[in-house]
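Residue numbers (the working numbering): 716 to 1026. Each residue gets a CB set at the ideal place from its N, CA and C atoms; glycine is no exception.
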């Protein structure tokens, strides 16, 4: 798969996730965050099961034990990201959740430095400051204006960054994208179900009332979009993947305005712009710099050849 096609898959995943924020928010009119998360990812696992079985028959090589452990680790990161985001949506808007979740595009290279000793481009640091300023403006101009839901969502962005890093490691090494999707969905569903049994009282009538959101969240926002993420990340970098996935923030704001009538304060638009500018800078500035270096190298090579005697 070409990198362009891979990035298009990631952009499509971002669009599906953007609409998913609306489903996640409206579902909690009927069910709690733990119940919704458990039901959504259980349905996602069932959706991926036939594809994973087909993949296992098609690929004869057994999955090593350590790879299964890595798949479970991805599932644990997905669970922590999903449940903190879902809890955050209890007290924040779809628009805020989409943009604050998108902070993973800045956090991913930072965590790559801390956890993997992968040194990020210099642009990461001013981008991180711009994103922080954007959070303040999105909250109304002061940190005190950020509600508990916004803080939960920022925590979820950290776990989304971890999930992206782990996908980058295990999607290519495992060679089983559908099996990896099934594994992470199953782990998330089981952990969320345990939490629902402790924290909530799941009710069949309530789940029936929320079935459109559960179906969208399970089949499309999880089953389809996360699999697109895994397929796309096998053919692009983690940093580049994160910028295309971060388009979910814009789609969340768009669908939040169209379907829920959400609005953000005027100063919040500047905050959204700063956050998205930070997302773009993390990816685009290194690409532009590399192209400039290549042009410089070609000019030096041409000058060297021109100065070399031909006889």
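Locate the alpha helix (DSSP H) running through residue i, then write down its first and last residues.
i           : result
residue 838 : Careful: residue 838 lies outside any alpha helix (DSSP H) and carries neither H nor E.
residue 770 : 748-773
residue 964 : 963-975
residue 743 : Residue 743 -> no alpha helix (DSSP H), and no H or E assigned at all.
residue 919 : 919-924
residue 939 : No alpha helix (DSSP H) contains residue 939, which DSSP labels as neither H nor E.
Pop quiz: residue i and residue j are said to be a contact at Cβ under 8 Å. What is the actual Cβ separation, rounded to whole angstroms?
i           : j           : result
residue 982 : residue 852 : 5 Å
residue 865 : residue 823 : No, residue 865 and residue 823 are not in contact; Cβ-Cβ is about 20 Å, not under 8 Å.
residue 987 : residue 849 : 7 Å
residue 805 : residue 876 : In fact, because the Cβ distance is near 22 Å, the residues do not count as touching under 8 Å.
residue 789 : residue 948 : Not a contact, Cβ separation roughly 11 Å.
residue 753 : residue 908 : 4 Å
residue 929 : residue 785 : Rounded, the Cβ-Cβ distance is 28 Å, inconsistent with contact.
residue 891 : residue 774 : 7 Å
residue 817 : residue 990 : 6 Å
residue 874 : residue 799 : 6 Å
Do you know whose CA, among the options, lies nearest residue i's CA?
i            : options                : result
residue 791  : 1014, 952, 951 and 878 : 878
residue 922  : 728, 731, 730 and 739  : 739
residue 935  : 736, 803, 717 and 721  : 736
residue 772  : 881, 958, 721 and 893  : 893
residue 1000 : 976, 907 and 837       : 837
residue 903  : 723, 719, 795 and 764  : 795
residue 787  : 933, 901 and 908       : 901
residue 722  : 952, 971 and 1004      : 952
residue 881  : 869, 980 and 896       : 896
residue 973  : 800, 727 and 809       : 809
residue 797  : 870, 979 and 1006      : 870
residue 725  : 789, 980, 1003 and 960 : 960
residue 847  : 863, 832, 819 and 830  : 819
residue 910  : 770, 750, 720 and 727  : 750
residue 767  : 938, 830 and 930       : 938
residue 801  : 874, 985, 969 and 867  : 867
residue 920  : 891, 832 and 742       : 742
residue 764  : 830, 817 and 933       : 933
residue 886  : 927, 769 and 956       : 956
residue 821  : 839, 925 and 977       : 839
residue 793  : 931, 971 and 906       : 906
residue 717  : 769, 777, 950 and 926  : 950
residue 727  : 832, 830 and 958       : 958
So, is the C-beta of residue i closer than 9 Å to a C-beta in chain C?
i           : result
residue 894 : Absence of chain C from the displayed structure is noted, only one protein chain being present.
Worksheet item: At which residue ranges does the region 857-914 contain complete alpha helix (DSSP H) runs of 4 or more residues, listed in the order of the chain?
Response: Listed in chain order, they are 863-889 and 892-914.
Discussion item. Under 8 Å, with one C-beta from each stretch per pair, do the region 812-820 and the region 954-973 reach the 3-pair mark?
Written reply: yes
Practice prompt. Only counting runs of 4 or more residues, tell me where the alpha helix (DSSP H) segments fall wholly within the region 785-837, in order along the chain.
Written response: 809-816 and 819-831
Item to complete: For the region 938-951 and the region 721-734, state whether three or more C-beta atom pairs, one from each stretch, are separated by less than 8 Å.
Response: Contact holds: three or more Cβ-Cβ distances are below 8 Å.
Worksheet item: Does the region 742-761 come close enough to the region 907-918 that 3 or more CB-CB pairs lie under 8 Å?
Response: yes
Discussion item. Under 8 Å, with one C-beta from each stretch per pair, do the region 838-847 and the region 771-788 reach the 3-pair mark?
Written reply: Counting Cβ pairs under 8 Å, fewer than three are found: no touch.
Worksheet item: When the Cβ atoms of the region 985-996 are set against those of the region 754-771, are three or more pairs found closer than 8 Å?
Response: The answer is no - the region 754-771 does not touch the region 985-996, with fewer than three Cβ pairs under 8 Å.
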